[in-house]
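The opening residue of the sequence shown carries number 58 in this note's numbering; numbering runs sequentially from there. Built from N, CA and C at the ideal position, the CB exists for glycine as well. Remember, it's a predicted structure, so these values are computed and weren't measured experimentally.
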Amino acid sequence: MKNAATAGGLPPTFTAASVASSFTGFHKVTVVDDVISAICRLPDKSWVTDTLPTPQLKLIADLIAPFLTELFNRSLSTATVPTVFKSALIKKPDLDSTDPQSHRPISSLSVVSKLLERVVFRQLYSYLSAADLLPRLQSAYRTHHSTETAVLKVLTDILYAVDDGNLSVLALLDLSTAFDTFDHDISVLELF
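Below, the structure is given as structure tokens:
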């Protein structure tokens, strides 16, 4: 049933992707252009629980890169991610791992897992950009786009609406700490 306020509105429109824009698969990862450059771009922070801290990885990048390249190429060619890459690490090692409240919604993956993510991201982002498949107004995960560009877009829309004599209302909801107040015992019980 349509809402009376939107009953006369235009139906949504969709733009079909070009037939020529077909992702055929990942290309082979290279030692220097992909792996070593991804290692160099990693932030120098690392969690105490990480088996290979980022600063140490950067020191041995030229030695370990050929092995990581082989591992990443096998992962991409078989479309599988090693099970160990799917395991999150507890950010604070002194927390009780059996206590559900010790597990935060933000988990810490190993630095090697993050490297594989970055290699995959670069190839997918390159394809999506070249095929012009990214939404024009998407601000997340794009170079030269950020929360600032998203806020500027919203502000511009509001200013244009006000200039046209329209009423504008902006409602914001901050969910950044929503999981801190969540009853974890209830959620664990509902899983079983």
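Given residue i as reference, the closest of the options once Cα atoms are compared
i      : options                          : result
Leu212 : Arg199, Tyr198 and Ala228        : Ala228
Ile93  : Thr111, Gly82 and Thr81          : Thr111
Ala136 : Pro68, Ala207 and Leu173         : Leu173
Leu99  : Leu194, Arg175 and Leu181        : Arg175
Thr108 : Ser225, Thr206 and Ser167        : Ser167
Gly6   : Ser165, Gln113, Thr70 and Ser134 : A query on residue 6 cannot be resolved here, the shown segment of the chain reaching from 58 to 249 and no further.
Arg179 : Thr140, Asp90 and Lys115         : Asp90
Thr72  : Arg193, Asp119, Asp214 and Cys97 : Arg193
Local Cβ density within 10 Å of residue i, reported as buried at 16 or more and exposed below that
i      : result
Glu247 : Interpretation of Glu247 is limited by its pLDDT of 49, a score under 50 that renders its predicted location unreliable; no figure is taken from the coordinates.
Leu232 : exposed
Ile117 : exposed
Phe129 : buried
Thr126 : buried
Val86  : buried
Same chain only: Cβ atoms within 7 Å of residue i, ignoring 5 sequence neighbours per side
i      : result
Ser78  : Ala188 and Leu190
Ser257 : Residue 257 lies beyond the residue range present for the chain, which begins at 58 and ends at 249; the question has no answer from this structure.
Ala95  : Leu172, Arg175 and Val176
Asp156 : none
Terminal residues of the alpha helix (DSSP H) in which residue i lies
i      : result
Val177 : Val168 to Ala187
Phe129 : Ala118 to Thr135
Ile96  : Ser94 to Arg98
Thr81  : Here Thr81 belongs to no alpha helix (DSSP H), and DSSP marks it neither H nor E.
Val211 : Thr204 to Asp220
Cβ-based neighbour list, residue i, same chain, cut-off 8 Å, excluding 5 preceding and 5 following
i      : result
Leu185 : Leu191
Gln195 : His202
Cutoff 6 Å; reference residue i; Cβ partners in own chain excluding five residues on either side
i      : result
Ala122 : Val88, Val92 and Ile93
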